[in-house]
Amino acid sequence: AQSVTQLGSHVSVSEGALVLLRCNYSSSVPPYLFWYVQYPNQGLQLLLKYTSAATLVKGINGFEAEFKKSETSFHLTKPSAHMSDAAEYFCAVSLKGFQKLVFGTGTRLLVSP
Amino acid sequence: GAVVSQHPSRVICKSGTSVKIECRSLDFQATTMFWYRQFPKQSLMLMATSNEGSKATYEQGVEKDKFLINHASLTLSTLTVTSAHPEDSSFYICSAPHQVSDGYTFGSGTRLTVV
Numbered sequence: 550a551q552s553v554t555q556l557g558s559h560v561s562v563s564e565g566a567l568v569l570l571r572c573n574y575s576s577s578v579p580p581y582l583f584w585y586v587q588y589p590n591q592g593l594q595l596l597l598k599y600t601s602a603a604t605l606v607k608g609i610n611g612f613e614a615e616f617k618k619s620e621t622s623f624h625l626t627k628p629s630a631h632m633s634d635a636a637e638y639f640c641a642v643s644l645k646g647f648q649k650l651v652f653g654t655g656t657r658l659l660v661s662p
Numbered sequence: 216g217a218v219v220s221q222h223p224s225r226v227i228c229k230s231g232t233s234v235k236i237e238c239r240s241l242d243f244q245a246t247t248m249f250w251y252r253q254f255p256k257q258s259l260m261l262m263a264t265s266n267e268g269s270k271a272t273y274e275q276g277v278e279k280d281k282f283l284i285n286h287a288s289l290t291l292s293t294l295t296v297t298s299a300h301p302e303d304s305s306f307y308i309c310s311a312p313h314q315v316s317d318g319y320t321f322g323s324g325t326r327l328t329v330v
């Protein structure tokens, strides 16, 4: 069965600093990997996804992630944090064929002025 | 783009009553719908998978008689919380895979509060 681990339930950065949110996955077959952002009392918004094409994936709002098979990682980065980036971020994995998504425990990003 | 409309966004009900949550795919046919529950400050946990025209598949530990899922058409899936209790208070989110967009489309969620 596939799973994801997000290291760090909270990450704090200053506005303008690098954002790095970690995600490691476990899957017996090549996975599909996703990053979602959630604002309070709202649904999930897709930031980016990896579906076996380019390993460096660029998403919305300046975010990107790199699929590293050797490290079983799919870390999310953004060069310069903005106050509006403060939210909950979820890494998720699924198998090809769009089977169920399995979510990590989430990382709350805090951005200070 | 693919849109899943989820209603209601918020509902407060009395203990012992039932609540129905609807998810409609507006511009595509959703043969599959995933239903998730999210407790405060926690992750999304899959409750069940519904497929149009067949019985839903429930995850281990989810009471199928309490959480009734119906997927009678390619554009509508419903979750009914029967005999709701305060411990059922949660945020419920539906999601449909969308192969054209190579991803999943999520509803905006329903905040259920049982008093």
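So the protein sequences, as listed, match chains A and B.
The opening position of the first sequence corresponds to residue 550 in the working numbering, with each subsequent residue numbered one higher.
The opening position of the second sequence corresponds to residue 216 in the working numbering, with each subsequent residue numbered one higher.
Ideal Cβ placement from N, Cα and C applies to all residues, glycine included.
Using 8 Å as the threshold, is the segment 223 to 239 of chain B in touch with the segment 565 to 575 of chain A, meaning 3 or more CB pairs across them? no
Are the C-beta atoms of residue 610 of chain A and some chain B residue less than 8 Å apart? Not closer than 8 Å to any Cβ of chain B, the Cβ of residue 610 of chain A fails to qualify, so no.
Under a three-way DSSP split, which group does residue 633 of chain A fall into? Note: residue 633 of chain A maps to helix in three-state DSSP.
Spatial distance of residue 596 of chain A from residue 242 of chain B (CA atoms): 21 Å
May I ask you to list the residues that DSSP assigns as paired with residue 590 of chain A? Residue 590 of chain A is not bridged to any residue.
Within the 8 Å Cβ cut-off, does residue 326 of chain B reach chain A? yes
Could you tell me which uninterrupted alpha helix (DSSP H) segments, each at least 4 residues in length, are contained entirely in the segment 261 to 318 of chain B, listed from first to last along the chain? The segment 261 to 318 of chain B contains no whole alpha helix (DSSP H) run of 4 or more residues.
With residue 219 of chain B as the anchor, note down where its beta strand (DSSP E) starts and where it stops. 219 to 222
Cutoff 7 Å; reference residue 218 of chain B; Cβ partners in own chain excluding five residues on either side: 241, 242, 320
Going by Cα to Cα distance, which pick from A:593, A:563, A:564 is closest to residue 638 of chain A? For the residues A:593, A:563, A:564, the minimum Cα distance to residue 638 of chain A belongs to A:593.
Kindly indicate if chain B contains any beta-carbon less than 8 Å away from that of residue 649 of chain A. yes
Is the Cβ-Cβ distance between residue 644 of chain A and residue 310 of chain B less than 8 Å? no
For residue 587 of chain A and residue 299 of chain B, the rounded distance between their alpha carbons: 26 Å
Between which two residues does the beta strand (DSSP E) containing residue 607 of chain A stretch? 605 to 607
Got a sec: is the Cβ-Cβ distance from residue 233 of chain B to anything in chain A below 8 Å? no
Tell me whether the segment 614 to 632 of chain A and the segment 556 to 569 of chain A touch, counting them as touching only if at least three CB pairs, one residue from each stretch, are closer than 8 Å. In the pairwise beta carbon analysis, the segment 614 to 632 of chain A is classified as touching the segment 556 to 569 of chain A: at least three pairs are separated by under 8 Å.
Partner residues on chain B for residue 654 of chain A, Cβ-Cβ distance less than 8 Å: 257, 258
Is the Cβ-Cβ distance between residue 580 of chain A and residue 660 of chain A less than 8 Å? no
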